[in-house]
Amino acid sequence: MQPSLKGRREGSPWVGLWAVFFKEMADHLSSTRMRILEVLILFSAVGAVYAGAQTLRQTVSEDPFLLLRVFTAAQDPLPSFVAFLSFFLPLAAIALGFDAINGEYNRNTLSRVLAQPIYRDALLWGKFLAGLATLALILLALFLLVVGLSLIFLGVPPDGEEVGRALLFLLATLAYAGVWLGIALVCSVLFRSAATSALAAIAVWLFFALFWGIIAQLLAQAMAPYDPFDPESELRQAEALLAFSRVSPNTLYAEAIQALLNPGVRSLGPVLISQLQGALLGSPLPLGQSLLLAWPQLTGLIALTLLLFALAYVLFQRREVRA
Amino acid sequence: MVIETQGLTKRYGKVVAVEGLNLAVEAGEVYGLLGPNGSGKTTTILMLLGLTEPTAGTVRVLGFDPVREPLSLKKQVGYLPDSVGFYGEMTAWENLAYIARLNGLPKAEAEVRMRQVLERMGLAEVADRPVGAFSRGMRQRLGLAEVLLKEPKVVILDEPTLGLDPEAAQEFLGMIRGLKAEGITVLLSSHLLHQVQAICDRVGLFHRGKLVLEGRVEELAQRVLGGAYRIRVGASPLEGLSERLGALPGVARVQLEGTELRLEATQDVRPQVARAVLEAGASLNSLVLEQPSLDEVYARYFQEVRHAA
Ligand SMILES: Nc1ncnc2c1ncn2[C@@H]1O[C@H](COP(=O)(O)OP(=O)(O)O)[C@@H](O)[C@H]1O
Ligand SMILES: [Mg+2]
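Protein chains in written order, with my numbering: chain C, 1 to 323; chain F, 324 to 632.
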């Protein structure tokens, strides 16, 4: 049990936060994991630009959102950059977080660190923020690489709105990565063995990547059965399916970047013809409108991240310091 | 009082780890928290530091409540855990630098202190080597270096000699004794009673979470062993010597142990013993005054408790 759960305690919970942050950050940046991630970054950036260039050569280069096309264009056998990111980032986040707390136990360093004048809060926040900052750094490197390469190979400078969309896309991606960092952090508190923790986090990832779609379908069918004589039942089922699939951070992320990267998207989820009245089909939405569209998904991702952190926090506060 | 607890109790579910502990350690003392494994020493230490919350009772260390004022307390109290670990891929210097930053030491001052403590612990040459390659003894010394980094008023050491070879253990105990000379109050725990008894001013003996005996080593020996003086006599032939020596004034008990006799006496009766052996016509091979061993005190105490029950 940790003192903080009872009564008032002296001083700030943030004392020592930056010491932890910089130590963890240095650890991440010098680790072998980071070298592997860097190689992956380089490959994916080159792949994205290559795929983008191929696609663009095939289409007429009248597209006003060239940079965004580079992000989303897939070229067999290469997945699109975005698809690659949504696959790669959870794994990177898990790689950075799965041994955050149990690593301290296993190295017998936790009691020594907590015997210093800091609270556990500082340790957990420091580790979380260092992971997030490392992910942000990875993302930024990727982003600059892709933009730079597409400038060289495609020769079209992105305009202001495109850059704005791309940066918002980065933010959404960071929030998505934050969710997986949170999951990894919870696992690192729950499981004493680092291997078990990594496996558990990857299991969660697999669950959402492969199985949640099917489960959401089954749940939706059970909750809102399709009735051939009731035309509205189909819509209800579609809505139920959407609600269930939005439990998954993958869905939230996919929807958010769909809205942000594709200015033509006007709605996320099932659309009724009546809702489209007065809308100019195919005409791009302004950035502000797209952001508004992605807003619930964005806040959802951030809220999920905070929730997971809070869970890790509560679990960690209750942990005994000795193994 | 530097360390004071009242009715300190810790339960883990049904397991009572520490029960009704009243501890009082004075400034400048070396206090030994001794007892077998699982008797509650580590739990007590964790409660003193606020690393685990007591189920009942109060703790004051340097006047601070570890539950309410952990930061002020931990600024002045150094702690060396029983299985001390470091970040293996970082050097000794980097490990210390991290702890210095966690303590909020300004960089310049931290570097001066780090150099000092590494020098003092004999680790100056290996400061730039990764700790992963350090021996157990070096890690233990690095742990003590880290403890001294914050210039503590109180140092708490959990099983400081665990895993050290006898020579390294004695050296390390010497370093601990050196802390007393600087006016640092030391609380150490150990299950190796005989090993640490020499450096403790006072000891508290734990049994199943309770402090059963407390005092200076000689006092305890006197109280529990009856005779504080234990004398080993090697003589031949041994026949009839037992009775003769047992009759000497001041001798409480005589026991045959192998080829030697073991005497317990209330005073140093070696001259009388020597005379008695020679008068009996036997030859005296050896005559040794043994230091009372805490292990024996402990064992005897429970023998008596069991007899009384
Ligand atoms: N986290 C825990 N959960 C349950 N029991 C524990 C826990 N930690 C310690 N104990 C029990 O508390 C008792 C005292 O342990 P400890 O303080 O480690 O003894 P010592 O340090 O003297 O060897 C032991 O019986 C141990 O099993
Ligand atoms: Mg112990």
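We treat Cβ as the ideally placed atom computed from N, Cα and C, and that holds for glycine.
All values derive from a computational prediction rather than experimental measurement.
Assigned exposure category for residue i - 16 Cβ within 10 Å defines buried
i	result
F:N345	exposed
F:T328	buried
C:I36	exposed
C:A180	It should be noted that the sequence gives Trp, not Ala, for residue 180 of chain C. Answer is buried; the Cβ neighbour count reaches 16.
F:D591	exposed
F:L357	buried
C:A303	exposed
C:Y105	buried
F:I507	buried
C:M223	exposed
C:W212	buried
F:P429	exposed
F:Q463	buried
F:I522	buried
C:L235	exposed
F:A504	exposed
C:S111	buried
C-alpha gap between residue i and residue j, whole angstroms
i	j	result
F:E587	F:A597	15 Å
C:G160	C:R319	49 Å
F:L369	F:S616	28 Å
C:F71	C:A294	17 Å
C:S197	F:T365	28 Å
F:E352	F:D488	26 Å
F:E469	F:G363	25 Å
F:A599	F:R553	17 Å
C:G16	F:G401	17 Å
C:A256	F:L419	45 Å
C:P79	C:G148	20 Å
C:L190	C:P284	46 Å
C:P90	C:F143	17 Å
F:W416	C:V49	45 Å
F:T375	C:V247	37 Å
F:L561	F:Q614	23 Å
C:A136	C:V146	15 Å
C:F229	C:Q237	14 Å
F:G455	C:R107	10 Å
F:Q626	F:H530	13 Å
F:A340	F:G361	8 Å
C:L276	C:P296	Caution is warranted here: a pLDDT of 49 is assigned to C:L276, below 50, making its placement in the model unreliable, and no coordinate value can be reported.
C:G57	C:L66	Inspection of the sequence shows that residue 57 of chain C is occupied by Arg rather than by Gly. One C-alpha to the other measures close to 12 Å.
F:L564	F:A603	7 Å
C:S233	F:V338	58 Å
C:L170	C:L260	10 Å
C:Y226	C:Q258	28 Å
Chain F contact residues for residue i, given Cβ-Cβ distances below 7 Å
i	result
C:E161	Neighbours of C:E161 on chain F: none; closest Cβ ~44 Å, over 7 Å.
C:I118	L425
C:K23	Y421
C:V189	Those within 7 Å of C:V189 in chain F number zero; the least Cβ separation is about 17 Å.
C:A95	What C:A95 touches in chain F: nothing, since even the nearest Cβ is about 17 Å away.
Closer than 7 Å at the beta carbon, the chain C residues around residue i
i	result
F:F409	T109
F:E392	E10
F:S406	N108
F:Y624	Ordered by position in chain C, no residue passes the 7 Å Cβ test against F:Y624, which lies about 28 Å from the chain.
F:Y271	Since the displayed chain F opens at 324 and closes at 632, residue 271 of chain F lies outside it and no answer follows.
Proximal chain F residues relative to residue i, where beta-carbon distance stays under 8 Å
i	result
C:L114	L374
Beta-carbon neighbours of residue i, restricted to chain C and to distances below 8 Å
i	result
F:K337	Chain C residues near F:K337: none, gap ~16 Å exceeds 8 Å.
F:T328	Those within 8 Å of F:T328 in chain C number zero; the least Cβ separation is about 16 Å.
F:T365	R322
Chain-ordered chain D contacts of residue i [CB-CB under 9 Å]
i	result
F:K397	Reference to chain D is not applicable here, since the protein chains of this structure are C and F.
Within chain C, partners of residue i - CB distance below 9 Å
i	result
F:L369	S111, E320, V321, R322
F:Y621	Those do not exist, as F:Y621 stays about 25 Å from chain C at its closest Cβ, beyond 9 Å.
Neighbouring residues, chain F, relative to residue i (Cβ below 9 Å)
i	result
C:V15	L394, L425, G427
Checklist entry - Listed by chain order, which residues have C-beta atoms less than 7 Å from any heavy atom of ligand 3? => result Annotation note on ligand 3: not contained in the displayed structure, which lists ligand 1 and ligand 2 as its ligands.
Next on the checklist: As an exercise, report each continuous alpha helix (DSSP H) stretch of at least 4 residues that is fully enclosed by the segment 378-451 of chain F, in chain order.
Outcome noted: 393-399, 415-425, 430-443
Checklist entry - Quick one: complete alpha helix (DSSP H) runs, 4+ long, within the segment 213-274 of chain C? => result 231-245, 249-261
Checklist entry - Which full runs of the beta strand (DSSP E) of 3+ residues lie inside the segment 590-623 of chain F, going along the chain? => result 606-613
Checklist entry - What residue ranges within the segment 540-569 of chain F form continuous beta strand (DSSP E) runs of no fewer than 3 residues, ordered along the chain? => result 552-559
Checklist entry - Which runs of the alpha helix (DSSP H), 4 residues or longer, sit entirely within the segment 13-93 of chain C? => result 17-30, 32-58, 66-72
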